[in-house]
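Following: one structure in structure tokens, then a few remarks.
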Amino acid sequence: MHVLVSGGAGYIGSHTVLALVRAGHSVVVVDDFSNSKPAVMGRLAALAGREIPLHVFDLTDRDKTDRLFASEQIDAVVHFAGFKAVGESVEKPLAYYSNNLDTTFSLLRAMERHGTRKLVFSSSATVYGPRSKLPYREDDDVPIEAVNPYGRSKVMLEHILTDVAHAVPGMKVALLRYFNPVGAHPSGTIGEDPGGIPNNLVPFIAQVAVGRREKLRVFGGDYPTPDGTCIRDFIHVEDLAEGHVAALEYLERATEPARAFNLGTGQGTSVLEMLHAFERAVGRPIPYEIVDRRPGDLPVSYADVSRAKAELGWQATRTIDDMCADAWRWQSHNPNGYPDA
Ligand code: WQD
359 MHVLVSGGAG
369 YIGSHTVLAL
379 VRAGHSVVVV
389 DDFSNSKPAV
399 MGRLAALAGR
409 EIPLHVFDLT
419 DRDKTDRLFA
429 SEQIDAVVHF
439 AGFKAVGESV
449 EKPLAYYSNN
459 LDTTFSLLRA
469 MERHGTRKLV
479 FSSSATVYGP
489 RSKLPYREDD
499 DVPIEAVNPY
509 GRSKVMLEHI
519 LTDVAHAVPG
529 MKVALLRYFN
539 PVGAHPSGTI
549 GEDPGGIPNN
559 LVPFIAQVAV
569 GRREKLRVFG
579 GDYPTPDGTC
589 IRDFIHVEDL
599 AEGHVAALEY
609 LERATEPARA
619 FNLGTGQGTS
629 VLEMLHAFER
639 AVGRPIPYEI
649 VDRRPGDLPV
659 SYADVSRAKA
669 ELGWQATRTI
679 DDMCADAWRW
689 QSHNPNGYPD
699 A
């Protein structure tokens, strides 16, 4: 298939571009580098053994989006582009709602007009709110909901995409609910490069390990879990990327217009267990202190992965130690992330 990857220069997008190329698809990337660096494209070309065609523009620009679809026959879209920082979304809700919705509207209009009928969408486990039952299942009878504007933009987009898929003849959508993506390509040449202070656990640990930050602050040591710290379902970004390829191939045989899939491992790991796994990868202790809880964190989150296994024929295979070894290879080879242009 000829696949448009929106946000293909980003963390999950870049790993998915490679997985698509490995699976024999041709890829074109659209990215405005608002939260990624152009240097990733050279790294991708080296890993893929060919240049990846790139269009640099903001997808909220409907004319440019339409012209891209007019200029090449796109069979499917994998849509990552969007704002993703939970805390920032609370400060700037309008920016989050307008960007995350408008990019998707622009793509949907162009897809409808130009006959592209397959869409794989980056959703999030954050659509499972505090009332959902563990392990999280896609067919839980609690409706999806979220507790911050970022998460609510994903809930809204799941509804919008489902409605559009039902209305447009032939449209097929996979809604991929990511758990906690971590790790990097085993080459250590592409990985996660957060701007500013990392919000997420593993990038923060990696920056402490490489000497950019003094110590990890563990948010809460009094949760009702075995070691008192939160439990998450960490998934290797390479497994996640392969999940997108499986979802794309599933869309060719899908019978329902829209279907949600959890992409996780089904295994919970605590914050302290993750820290200790990273210490094993680095080979020395990593300083930390336990501080107050972070508002909005759920004590435990992990997936029921049976639907993805049965219907996508996909399951995660990489371990927590693989995730840490690969994240550390990336961080230690690129202590300051990608170089500026
Ligand atoms: C994991 C655990 C923290 C940082 C978030 C978003 C979600 C999705 C992925 C997507 C928690 C603890 C973290 C630190 C810590 N977003 N922690 N010290 O919160 O599960 O999910 O990212 O684009 O929507 O909510 O992931 O990595 O932020 O936190 O103790 O410095 O690590 O409290 O228990 P989370 P996370």
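Quick note on our numbering: the sequence shown kicks off at 359 and runs consecutively.
Glycine residues also receive a C-beta, built at the ideal position from the N, C-alpha and C atoms.
As the structure is a computational prediction, the values presented were derived from the model and not from experiment.
From what residue to what residue does the alpha helix (DSSP H) around residue i run?
i, result
"V448", "V444 to E449"
"V385", "Taken as a continuous stretch (DSSP letters only), V385 belongs to no alpha helix (DSSP H), being part of the beta strand (DSSP E) at S384 to V388."
"V560", "L559 to A567"
Confirm, please, whether the CB-CB distance from residue j to residue i is below 7 Å.
i, j, result
"A576", "Y646", "Residue identity differs from the one stated: residue 576 is Val in this sequence, not Ala. Yes."
"F441", "Y454", "yes"
"D597", "A525", "no"
"K530", "A612", "yes"
"V379", "L362", "no"
"M681", "G541", "yes"
"G700", "F537", "There is no way to answer for residue 700, as the model of the chain reaches only from 359 to 699."
"F438", "S372", "no"
"C588", "P657", "yes"
"V444", "Y508", "yes"
"V640", "A685", "no"
"F415", "H472", "no"
"A618", "L533", "yes"
"D424", "H360", "no"
Identify the continuous beta strand (DSSP E) that holds residue i and give its terminal residues.
i, result
"F619", "A616 to L621"
"Y646", "Y646 to V649"
"S364", "H360 to S364"
"V398", "No beta strand (DSSP E) holds V398; the alpha helix (DSSP H) holding it covers A397 to A406."
"V478", "K476 to S482"
Does the beta carbon of residue i fall short of 6 Å from some heavy atom of the ligand WQD?
i, result
"T627", "no"
"K422", "no"
"C682", "no"
"F415", "no"
"V540", "no"
"K442", "yes"
"R475", "no"
"N457", "no"
"L378", "no"
"N692", "no"
"L559", "yes"
"D655", "yes"
"V576", "yes"
"T484", "yes"
"F562", "yes"
"R590", "yes"
"R510", "no"
State the DSSP-derived secondary structure class of residue i, mapped to helix, strand or coil.
i, result
"N538", "strand"
"G432", "Before going further, note that residue 432 is Ile rather than Gly in the sequence given. Coil at I432, not helix or strand."
"R471", "helix"
"E496", "coil"
"V375", "helix"
"H543", "coil"
"F577", "strand"
"E596", "helix"
"L670", "helix"
"L465", "helix"
"T627", "strand"
"H437", "strand"
"I548", "coil"
"R489", "coil"
"F636", "helix"
"S392", "coil"
"L367", "Contrary to the premise, residue 367 reads as Ala rather than Leu in this sequence. Three-state result, A367: coil."
"I678", "helix"
"R652", "coil"
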